[in-house]
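Okay, so the sequence shown: first residue is 153 according to the numbering used here, each after it adds one.
Using N, Cα and C, we set each Cβ at its ideal position, and we do this for glycine too.
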Amino acid sequence: MNVFDECNLRKLTAVNRFVSQPMEGNDCVDGGKPSEMTINRYKKLAQGTWGVVIVEAISVVSTSLARINGLILNEKNLDSFKKLVEEFKKINNDSILLFQISHSGMKSGDFSEKVTLCPGQPDEYKYLSTDEVEEIRQFFVNCALLAEKVGADGIDFKMCHGYFGAEMLRPMNARNDKWGGSFENRTRFLSESISEIKAKCKNKNFILGSRISMYEAIRGGCGTNGPNELIEDLTQQAKLIELMNVLGMDYVNISAGIPGVTSEVTRPTNGSKNLFLNHFRYAKFAKDLLTNLKSKMKVIGSAYSILKEDALDFANENIEKNYTDFVGFGRMSFADPLYPKKISDNEKINYCIACSGCSKLMIKQLNTGCIIYDDYYKNLIGNK
Ligand SMILES: Cc1cc2nc3c(=O)[nH]c(=O)nc-3n(C[C@H](O)[C@H](O)[C@H](O)COP(=O)(O)O)c2cc1C
Numbered sequence: 153m154n155v156f157d158e159c160n161l162r163k164l165t166a167v168n169r170f171v172s173q174p175m176e177g178n179d180c181v182d183g184g185k186p187s188e189m190t191i192n193r194y195k196k197l198a199q200g201t202w203g204v205v206i207v208e209a210i211s212v213v214s215t216s217l218a219r220i221n222g223l224i225l226n227e228k229n230l231d232s233f234k235k236l237v238e239e240f241k242k243i244n245n246d247s248i249l250l251f252q253i254s255h256s257g258m259k260s261g262d263f264s265e266k267v268t269l270c271p272g273q274p275d276e277y278k279y280l281s282t283d284e285v286e287e288i289r290q291f292f293v294n295c296a297l298l299a300e301k302v303g304a305d306g307i308d309f310k311m312c313h314g315y316f317g318a319e320m321l322r323p324m325n326a327r328n329d330k331w332g333g334s335f336e337n338r339t340r341f342l343s344e345s346i347s348e349i350k351a352k353c354k355n356k357n358f359i360l361g362s363r364i365s366m367y368e369a370i371r372g373g374c375g376t377n378g379p380n381e382l383i384e385d386l387t388q389q390a391k392l393i394e395l396m397n398v399l400g401m402d403y404v405n406i407s408a409g410i411p412g413v414t415s416e417v418t419r420p421t422n423g424s425k426n427l428f429l430n431h432f433r434y435a436k437f438a439k440d441l442l443t444n445l446k447s448k449m450k451v452i453g454s455a456y457s458i459l460k461e462d463a464l465d466f467a468n469e470n471i472e473k474n475y476t477d478f479v480g481f482g483r484m485s486f487a488d489p490l491y492p493k494k495i496s497d498n499e500k501i502n503y504c505i506a507c508s509g510c511s512k513l514m515i516k517q518l519n520t521g522c523i524i525y526d527d528y529y530k531n532l533i534g535n536k
């Protein structure tokens, strides 16, 4: 078994185990519509013959943006999203195309609404009432149904990286209503949403997955076992993955950390390279658990970009040993969107050098891409 072997996701077949992880390009136009630039990025990924391509964080509502030019999926923007899917599928009808649906919560920019679920946060964050959380839940459900309508193969329900979904799951979420406190309450948002999406989707093959941060590395964060705990304890994450399995979800996309807070945990850089080992361990933890449950749910691993030329060998080893089903590449998909195809064709690959240039562009709220191999982004960072 290796990374070029097929793998089933629900009723669809991924032609290989390469996943292009969601990567915000911050280049939409006219209130969250994919621009020509956005669509061209995905056309390149289509040419790259990735088994699965996950479209970057798409806001379920216009007031929850982390990026000033972030994508928003609503009725008004349907045609542009339809075009993105059509153009992608015209080039490559074999890659599975998923939409990551998201609410930025506390990570929303100053130009958006900065909201929080947890009591006791600084005044800049508006505390959400019970009904307001329910309203956001409805936005997630509607957004998933719109993703189905425009032809996406499924959704990645964003519960990672400190965004709204992650804040909801944290042991520190001490709300005293139905959205906080107990494990059952903190996972209610996910379970009710997934059950409703499943019931309302016409396409019974529509793929439902979620990206989670196994350990956020903050006190009371995901991957700890109490509101005042800092040390990693995966007990509740195991329960979460078991719950996803019961809900009939198709995959869990394993990540870690909170960009901007514990950034290196999410995306190791040259000085913190060995943190990739945590990602491998978390994926294996999820895979072992699902294997024991005899579950069909698949595991996607993250943070392979830092391994550069060695990534392929590690990916093959992890798949061969049944430590993961899929291998996910974030920055590498910016550096070389044709990566899997180039391996097959034995062509020269532009490896990500982990310079953090793409992150810098994103933090500056500029169009985001690779500053090493793409002159447009190189000039953009050069001018700022
Ligand atoms: C510029 C940039 C944009 C990102 N956008 C998203 C996103 O939209 N959704 C998400 O879940 N992760 C996002 N990430 C995280 C990546 O998907 C990935 O988890 C991270 O870069 C580590 O993987 P890598 O080492 O392969 O790059 C982003 C990361 C970067 C650097």
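In this structure, Ile-359 places its C-beta atom within 8 Å of the C-beta atom of Leu-161.
For the set Ser-496, Leu-164, Asp-231, Leu-236, the Cα lying nearest the Cα of Glu-208 is the one of Leu-236. Within the same chain, Ala-198, Gln-199, Thr-201 come within 8 Å of Asn-244 by CB-CB distance, once the 5 residues on both sides are set aside. Unbroken alpha helix (DSSP H) runs of no fewer than 4 residues, entirely contained in the region 371-447, are found at 387-398, 415-418, 428-444, following chain order. Note on Asn-325: 16 or more other CB atoms within 10 angstroms of its CB, so buried under the neighbour-count rule.
Residues Ile-458, Ala-506, Ser-508 of the same chain have their beta carbon placed closer than 8 Å to that of Thr-421, with the five preceding and five following residues left out of the count.
Taking one beta carbon from each stretch, the region 243-258 and the region 299-319 have 3 or more pairs nearer than 8 Å; the two touch. In summary, Thr-282 is exposed, with fewer than 16 beta-carbon neighbours lying within 10 Å of its beta-carbon over all protein chains present. Between the alpha carbons of Tyr-367 and Gly-332 lies a gap of roughly 19 Å.
Residue environment: Pro-489 is assigned as buried (16 or more neighbouring CB atoms within 10 Å of its CB, all protein chains considered). Under the three-state reduction of DSSP output, Ser-343 falls in the helix class.
Straight-line measurement puts the Cα of Asp-262 at about 27 Å from the Cα of Pro-323. CA-CA distance, Thr-268 to Lys-242, rounds to 41 Å. The Cβ neighbour count for Tyr-434, taken over all protein chains shown within 10 Å, is at least 16; the residue is labelled buried.
Taking the CA atoms as reference points, Glu-348 sits about 38 Å from Cys-522.
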